[in-house]
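What follows is a short report on a single structure.
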Amino acid sequence: MKRDLAITTAEKIGSNVDIYGWVNTRRDHGKIIFLDIRDASGLVQVVATPKNEEAYKVANNLSGEDVVHIYGKVGERPKGNINQDIPTGKVEVTADTIKLISKAKELPIPIEGDGYDIDELVRYKYRYIDLRRSRLQKNLKLRHKLVKQVHEFLDKENFTEIETPYLSKTTPEGARDFVVPSRLQKGKFYALAQAPQQYKQLLMIAGVEKYYQIARAFRDEDLRADRQFEHTQIDLEMAFVEQEDILELVEKLIIQVSKKLGKKLSQTPFPKLTYEEAKSKYGTDKPNLEHSKEELSFLWVINFPLLEWDEENKKYTFSHNPFAAPNPEDIDNLMKEKGLDKIKSLQYDLVCNGEEVGSGSIRITNPEIQRKVFKLMGYSEKETEEQFGHLISAYEYGAPPHGGIALGLDRLTALFAQEENIREVVAFPVASSGKTSVMDAPSEINPNQLSDFGLKKVGSK
């Protein structure tokens, strides 16, 4: 298909062009009809007059969001008609022919404005229409540019992008698993990966040394402005490193990406606060040191507790994840089970404008220390072996010191786009009720499908 994008018309004065797109607006000025035609590149004004009778006739019957093909010549706009707000504001296309490709029904939701005032269930039901609004188009393009910059940076740092499985085994990542029944092994279940955590550690043991992926992660947790059932993270791991190596690399990544995207940083190098300093001074481990919406305020929080007391279950649980290494000077007390509430870890969080946007740690690689951590969390030797034996066993075949981090792509993009809700930077988000965009899920399952898995429905609310 021969096609000229709307944006290119600014450079094609005197040339004929083929424009395909949607009718953004139609203005009838008697014997002249003006159409603003929209495609992914932007807008261009088209003029239809009775001089070209057939084109004028088609234009007279067009309405918003009709899909059309325009053929005509690019010319300069009259001086009084110049629009400085768009790149093509100094030109217009005089239509020779206009063809209606697809007639649009009246839209169920408006696409003018920001759309914040429209009920989210309605917006997500018609998300393919909602996404036509310029704000969301900009957000999706910003997300793309952010990911592109991440790829370019990590490639130059000699990282290898590797995919890890989504179908995996249940792991303690702090949320409920989404489970998938096995057809071949009836009665058994996969879990959708909450994170690539164990796989990326195994890749370090495999000798990869520098791994990353733009990874999907699945967590069945309560939904809110900064959480979805599935999210995307910039996941990376490095071998033969100490904590400062990872902080330095990630800080360099964020600074470069921010510069490429034209975003201001309030302070570099990023400030570092210990967990205790952050809690005592700001009352939170996610402090916001800059209140200007025009600047991004990044900082590191370090020296987290290794363990947290779970009052409800009367036992210790992990602060970050059970694979975070204890501070070397606390290892003796850990092994002796002394002063457990005072043991620090090599965990670190990246915070921006009061939001946690990344979390990571140096990992445990000593099997004895790893078993001790699981014991303190209430796991029996049998449970530890059943759930984590594969990883602990791998430590015994030459495990390098390693660590990494997962940066929340959705949260980062939302901050860069100055959006308060990550759903505004996700193409097809889940509503706060748990209902998916467009597809009407979750939904009932066919009994025959249940039978394939050796399952049957026993009741419903």
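Be aware that the sequence shown starts at 87, since it is given in this note's numbering, and climbs by one per residue. All C-beta atoms in this analysis are idealised placements derived from N, C-alpha and C, irrespective of residue type, glycine included.
In this structure, what does DSSP give as the bridge partners for residue i?
i: glutamate 79; result: Outside the displayed range of the chain (87 to 547) lies residue 79, so it cannot be described from this structure.
i: leucine 359; result: Val387
i: isoleucine 123; result: Val109, Val130
i: serine 188; result: Val153
i: aspartate 104; result: Tyr157
i: leucine 501; result: Paired residues: none, contrary to the question.
i: lysine 350; result: Glu381
Starting from residue i, follow the alpha helix (DSSP H) in both directions and report where the run begins and ends.
i: leucine 339; result: 329-346
i: methionine 324; result: Per DSSP, methionine 324 belongs to no alpha helix (DSSP H); it is in the beta strand (DSSP E), 316-325.
i: isoleucine 478; result: 467-481
i: glutamate 238; result: 220-242
i: aspartate 435; result: Here aspartate 435 belongs to no alpha helix (DSSP H); instead the beta strand (DSSP E) covers 433-438.
i: valine 208; result: 206-211
i: methionine 525; result: Where methionine 525 is concerned, there is no enclosing alpha helix (DSSP H), given that its DSSP letter is neither H nor E.
i: glutamate 139; result: 139-146
i: leucine 288; result: 283-291
i: leucine 420; result: 417-422
i: leucine 541; result: Neither: leucine 541 is in no alpha helix (DSSP H) and is coded neither H nor E.
Within 10 angstroms of the Cβ of residue i, are there 16 or more other Cβ atoms? Answer buried if so, exposed if not.
i: glutamine 353; result: exposed
i: alanine 485; result: buried
i: tryptophan 395; result: exposed
i: arginine 305; result: buried
i: methionine 290; result: buried
i: threonine 174; result: buried
i: valine 544; result: exposed
i: lysine 88; result: exposed
i: lysine 468; result: exposed
i: isoleucine 123; result: buried
i: proline 528; result: exposed
i: histidine 406; result: buried
i: leucine 392; result: buried
i: aspartate 308; result: exposed
In terms of alpha-carbon separation, which member of the options lies closest to residue i?
i: tryptophan 386; options: Gln314, Glu380, Lys372, Ala503; result: Lys372
i: lysine 542; options: Lys272, Ala325, Thr499; result: Lys272
i: leucine 186; options: Phe245, Lys137, Val130, Trp108; result: Trp108
i: threonine 180; options: Ala145, Leu335, Glu482, Gln504; result: Ala145
i: asparagine 534; options: Glu398, Gly520, Ala303, Arg269; result: Arg269
i: leucine 351; options: Tyr142, Gln170, Ile340; result: Ile340
i: threonine 256; options: Ile248, Val265, Glu249, Thr250; result: Val265
i: aspartate 263; options: Glu249, Gln280, Glu415; result: Gln280
i: aspartate 416; options: Tyr212, Asn389, Leu193, Ser479; result: Asn389
i: valine 177; options: Ser188, Thr183, Pro164; result: Pro164
i: aspartate 538; options: Gly150, Lys224, Pro267; result: Pro267
i: arginine 221; options: Lys98, Pro357, Lys234, Gly128; result: Gly128
i: glutamine 319; options: Gly158, Ser188, Gly490; result: Gly490
i: asparagine 110; options: Ala92, Ile99, Gly100, Lys98; result: Ala92
i: leucine 322; options: Val160, Leu288, Arg509; result: Leu288
i: threonine 95; options: Asn147, Val160, Ala126; result: Val160
i: proline 487; options: Met324, Asp171, Val153, Gln235; result: Met324
i: methionine 463; options: Asp427, Ala503, Leu477; result: Asp427
Run the proximity test for residue i: is its beta-carbon closer than 7 Å to any non-hydrogen atom belonging to the ligand PLP?
i: alanine 364; result: As for the ligand PLP, it is missing from this structure, which has no ligand bound.
Could you please give the first and the last residue of the uninterrupted beta strand (DSSP E) stretch that includes residue i?
i: threonine 256; result: Per DSSP, threonine 256 belongs to no beta strand (DSSP E) and is neither H nor E.
i: phenylalanine 460; result: Per DSSP, phenylalanine 460 belongs to no beta strand (DSSP E); it is in the alpha helix (DSSP H), 453-462.
i: tyrosine 298; result: 296-304
i: phenylalanine 275; result: 275-278
i: serine 447; result: 441-448
i: alanine 261; result: Here alanine 261 belongs to no beta strand (DSSP E), and DSSP marks it neither H nor E.
i: isoleucine 491; result: 488-494
Are at least three pairs of beta-carbons, each pair with one atom in the region 409-418 and one in the region 466-473, less than 8 Å apart?
-> no
Segment contact flag, the region 237-257 with the region 512-520, C-beta cutoff 8 Å, min 3 pairs | no
Could you say if the region 413-426 and the region 449-464 meet the contact criterion of at least three C-beta pairs nearer than 8 Å?
-> Contact holds: three or more Cβ-Cβ distances are below 8 Å.
Is the region 338-345 touching the region 361-376 in the sense that three or more CB pairs, one from each, lie closer than 8 Å?
-> no
Segment contact, 8 Å Cβ cut-off, at least three pairs: the region 482-500 with the region 431-448 | yes
Should the region 328-337 be called in touch with the region 425-440, which here means at least 3 C-beta pairs below 8 Å?
-> yes
Would you call the region 309-320 and the region 205-217 touching, i.e. three or more CB-CB distances under 8 Å?
-> No: the two stretches stay apart, fewer than three of their Cβ pairs being nearer than 8 Å.
Would the region 122-134 and the region 192-204 be scored as touching if the rule is three or more Cβ pairs under 8 Å?
-> no
Are the region 244-255 and the region 224-231 in contact at 8 Å, needing three or more beta carbon pairs?
-> No, the region 244-255 does not touch the region 224-231.
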